[in-house]
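Report on the structure given below.
In this note's numbering, the protein residues as written are -4 to 330.
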């Protein structure tokens, strides 16, 4: 995607139209039908009795997790070719894809997560540390943070400093709800530029925040629950509130709903799409548990400010210790 400067910025699509709407795509295209053949039949055919033979040699006992990459997690040539197709979809296509066919119940949780991380190494060159290590666990644990609750998650991007690809593995799905939603940033932007160029100028202006925010997100601006803005800061202006509302409701207007099933794997380009999540209801048998990886792909090249370049270098520095926590834990509120 390229950006041209006129009176107001306009976004031009890449080789495949990235400024899509939900009416222009069909959900079945999001579920890769070849995954069942390439992964389940070739990689996991003998599970679980002969697990060691159904995964790359040495998996998982002899793979050092910090060294988990394409060299230590080899895949058949046909499968490597398929991952190139997937990566191209993130680079030049819709900017996201959903993969279905991983029979996750055939494996222990730890084995499944390591296999998922091994696959993800073919999409992102680097894994970034998140708040609690390499793995982000998305569950309902009634904590202070909205992403750890069953409530709806509004449209946003994750931090764009370093993490240009976000990925999820569904360990478990909720009883009802919890669909993933994707929306084209380019489409939302072009709509605003055409109908309300004044909002573009508001969004591009300086905002007073608790901390520098390298993301497009509503709740860090408005606050949520006990995570409110510091009392010393002025509240967002009416123009800023309108701009945030416009982003969210246009993203919702053009978004596509993607049902989440147990074992689904999702990748999306953090520079190309907004993402959100429906509210959901858990039961004793079906409780939502997503494992998130934040990835960096050197194939995704976007011009960045010096500040973001510095943040990116700190996020993906070589040799940084990796922490792998396979069980979700409720974060503690910061005071």
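Virtual Cβ for every residue (Gly too), placed ideally from N, Cα, C.
Asked                                                                                                           : Found
Best match in 294, 300 and 151 for proximity to residue 341 [C-alpha to C-alpha]                                : In the structure as shown, the chain begins at -4 and stops at 330. Residue 341 is therefore absent and cannot be evaluated.
Identity of the residue in 322, 242, 316 and 209 nearest residue 301 by Cα                                      : 209
Residue 168 versus residue 233: straight-line alpha-carbon distance, rounded                                    : 38 Å
Inter-stretch contact (C-beta, 8 Å, three-pair minimum) for the segment 191 to 205 and the segment 278 to 296   : no
Assigned exposure category for residue 244 - 16 Cβ within 10 Å defines buried                                   : exposed
Inter-residue spacing [alpha-carbon to alpha-carbon] between residue 196 and residue 273                        : 30 Å
C-alpha gap between residue 332 and residue 322, whole angstroms                                                : With the chain covering -4 to 330 only, the question about residue 332 has no answer from this structure.
Residue 298 versus 279, 76, 179 and 266, residue with shortest Cα-Cα distance                                   : 266
Neighbourhood of residue 15 by C-beta, 7 Å cutoff - its chain only, sequence neighbours within 5 removed        : 89, 179 and 182
Which of helix, strand or coil DSSP assigns to residue 225                                                      : coil
The segment 238 to 254 in contact with the segment 143 to 156 per 3-pair CB rule at 8 Å                         : yes
Validate contact between the segment 127 to 136 and the segment 255 to 262 using beta carbons, cut 8 Å, 3 pairs : no
Cβ neighbour criterion (16 or more within 10 Å) applied to residue 211                                          : buried
Euclidean distance between Cα positions of residue 204 and residue 225                                          : 9 Å
Uninterrupted beta strand (DSSP E) stretches inside the segment 220 to 286 (no shorter than 3 residues)         : 251 to 253, 260 to 264 and 268 to 272
DSSP bridge partner residues for residue 160 (one or two, in chain order)                                       : 264 and 290
Three-state class that DSSP yields for residue 65 in the structure shown                                        : coil
Per-residue burial, residue 75 [other beta carbons within 10 Å of its own, 16 or more giving buried]            : exposed
Selected residue, minimal CA-CA separation from residue 173, among 68, 271, 263 and 111                         : 271
Presumed contact (8 Å Cβ cut-off) between residue 113 and residue 63, rounded CB distance                       : 6 Å
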